[in-house]
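Residue 189 in our numbering sits at position 184 of the sequence shown, with consecutive numbering throughout. Don't be surprised by glycine CBs; every beta carbon is placed ideally from N, CA and C.
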Amino acid sequence: MSSPDTNPRLTLPNDEELSQVLTPKLPAWCALNGWHFVAVAGVALFFAYHSYLHLFYSDLWGHVAYGEWILQHQQLPTEEPFVPLAAGVPVIATAWGGQVLLALAVRTGDHEWLSHLFAITVWVSYLILARAFWFRTRHGGVALLGAFVAWCISWGRHAIIRPEIFGVLCFFTLIWLLARGRVEFGATADDLGAKKLRGRVTLVGIGVVFAAWANLHGSAIVGVVYLGCYLWGRSVELLWRHRNWSSFWTDSDWQFWFRATLIAVLGMCCNPYGIDLFIHTLLFANHPNLKDIIEWFPLTMDSPTGITVGASWVLAAVLLRYSRVTMRAGDVCVLGFFIWAVSTKIRMVAWYSPVLMWVLAPHLADVLVRVEFDRRRRELLPILSPTSFRWSAIVVLLAWVTVCFTPISRLVLGNGKPREERQLYSKGTPLELTRYLREHPPQGLVCVPQWWGDWLAWQGPPKMNVMATTNSVHILPPQVWNDYLNIGRTQVSAEMLLTRYRANTVVACKKMQQGLAQWISSSPAWEVTYEDEDGLVAIRRSALPIPKPEDACSHESNSEPREEPAEQPAAT
């Protein structure tokens, strides 16, 4: 009698058993294709690019200093805290919330956290904009392409790190809310009750967005105008159709735009200044000092912004020529206003570009359908079309690699060293010059380049009295600002002005103030005590007595009249 087998043989599963074991447990929508990989690769590259952008030396640091001042004093400033020549001038901190967020980022870690905050905010903003375009067109490729083109149009401002990024985030969120609500823009409601519910939810969201926007950045008025343009456009359509004003009150779309605009204004008033903030932002662009700031110049076609805006007009002309999509009156109104706005002030390109692509998105989708773009791309690269969980795994790996190879990996993985100064700060940041000033603190008023004033007020010696900063341009009395410009232009009156302001120290930027640097170096009344490739520091050989702050700020009352200087851009 044979004994039982104590060593059973290993048997392989058959095909049926193997298929059951390897059957995917994930839902079918998790299976991606090669085109998803291309889209995720583009989004990952977009995030990585912004993660490595340098911190600019201009008004970013003024905003950080403002935020730190607010955190320390637990109140909003009523006058300029860093520029003594602006003492007594009332200040409305239109971006106090964004400034506090920037200061908290620095408090949390170091200056590199500003780069992390910037990259995440911009990345999320354009994802929200792309999502809004998807609701508009129901086409993922058009959504991503539209968001990318909007970013390209505003290329000249893509590296600016300031509270404006939070305003842009709120603006894109507003566009997304309106698109998701499907109350207008040609969408048909399948159920009247559902349409009313979407309208109410959208209106509540608009109120929340504007309440946050009004405290993060002073650009909330842009959103109010955006809604007002669609209200005006709907009014034009109703008047053209019915020739009767009473049709407004019976039209659900007009009522929605009216309520949305009203809620936006009320939400904007939810700030420490109330209605005064609304009035201040309306009048802000008329400040006489802003005419010397580059970003407040009218659009010129030979500038970087002019080139991208001009290209966008060509794109719009081509799409509108070949598109069969009807253009609503609201789209015409909003596009016309923002074209006018960017033509008069180039800084409006940050708001013009998303509006343009929002209007053009359905036309772009229609043209791509007419040329059979989807069929052509599938025929060109058929390997990318089939869905597979392999592509899903590759996409997850790509996302993880992106995080690992960007500076934000320090937060996720907890290792690595901070970037070196020259990798973190933009070229032209006066790092060594700042160290010299900290070791040799100047006394009294210091004449510094306005674009370095914010950096020196934040990183320079404690309580350093700078003559001007980028954040104080609209606060300085016009004569003080013009005197500062005349000193930088090294006109005949430069020495007289420096004497009038009792400035015993001058900091000059070699790249953008070559005339001042040459004049101060050759003047027998001044001695250059420090010089490097970025700038120089000069002090008077015979120091003037330092006046009291109130005397330094009251020079305007006894100053001599002089001719108005010619307009010349001040770098920002």
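Here Trp-396 is buried: its Cβ has 16 or more other Cβ atoms, across all protein chains shown, within 10 Å.
In the DSSP assignment, Trp-531 is bridged to Arg-545. Each of Ile-351, Glu-300, Leu-369 and Pro-293 was checked against the Cα of Arg-329, and the nearest Cα belongs to Leu-369. Taking C-beta atoms as the reference points, Phe-51 and Trp-160 fail to come closer than 9 Å. Of all alpha-carbon atoms in Gly-520, Ala-548, Phe-394 and His-247, the one lying nearest the alpha-carbon of Thr-510 is that of Ala-548. In the displayed model, Tyr-327 falls within a helix according to three-state DSSP. DSSP assignment within the stretch 440 to 468 yields the following whole beta strand (DSSP E) runs of 3 residues or more, N-terminal first: 450 to 452. Leu-37 and Val-48 have their C-alpha atoms some 16 Å from each other. For Leu-119, the closest of His-68, Gln-79 and Trp-101 by C-alpha to C-alpha distance is His-68. Around the CB of Gly-493, 16 or more other CB atoms lie within 10 Å, so the residue is classed as buried. Distance from the CA atom of Phe-394 to the CA atom of Ser-317, rounded to whole angstroms, is 39 Å.
Beta bridge pairing from DSSP links Ser-393 with Leu-37. Between Arg-162 and the set Phe-61, Val-227 and Leu-182, the nearest pair of CA atoms involves Phe-61. By the Cβ neighbour-count rule, Trp-218 is buried, with 16 or more other Cβ atoms within 10 Å of its own. In this structure, DSSP gives Glu-538 a state outside helix and strand, which the three-state scheme calls coil. It is roughly 16 Å from the alpha-carbon of Met-353 to the alpha-carbon of Asp-297.
With a cut-off of 8 Å on Cβ pairs, the stretch 528 to 535 is not in contact with the stretch 421 to 436, counting fewer than three such pairs.
Taking the Cβ atoms as the reference, Val-270 lies roughly 6 Å from Val-229, within the contact range of under 8 Å. With fewer than 16 other beta carbons inside 10 angstroms of its own, Val-209 counts as exposed.
DSSP places Ile-299 within a helical segment (H, G or I) once states are collapsed to three. Within the same chain, and ignoring the five residues on either side of Arg-239 in sequence, the residues whose Cβ sits closer than 8 Å to its Cβ are Glu-189, Asp-256, Asp-258, Trp-259, Trp-262, Ala-334 and Gly-335. Comparing C-alpha distances from Pro-483 to each of Trp-456, His-121, Asn-294 and Phe-253 shows the shortest one belongs to Asn-294. In the DSSP assignment, Thr-83 falls outside any alpha helix (DSSP H) and carries neither an H nor an E.
Looking at Cys-338, Val-347 and Glu-437, the one whose alpha-carbon comes closest to that of Thr-310 is Val-347.
Under DSSP, the beta-bridge partners assigned to Thr-510 are Val-451 and Ile-544. The Cβ-Cβ distance between Tyr-231 and Val-360 falls below 9 Å.
Taking a cut-off of 8 Å on C-beta distances, the stretch 76 to 96 does not touch the stretch 38 to 45, as fewer than three cross pairs fall below it. Sequence-distant partners of Thr-392 (beyond 5 residues in either direction) whose C-beta falls short of 7 Å from its own C-beta, in its chain, are Ala-36, Leu-37 and Asn-38.
The count of Cβ pairs closer than 8 Å, one atom from the stretch 174 to 186 and one from the stretch 121 to 139, reaches three, so the stretches are in contact.
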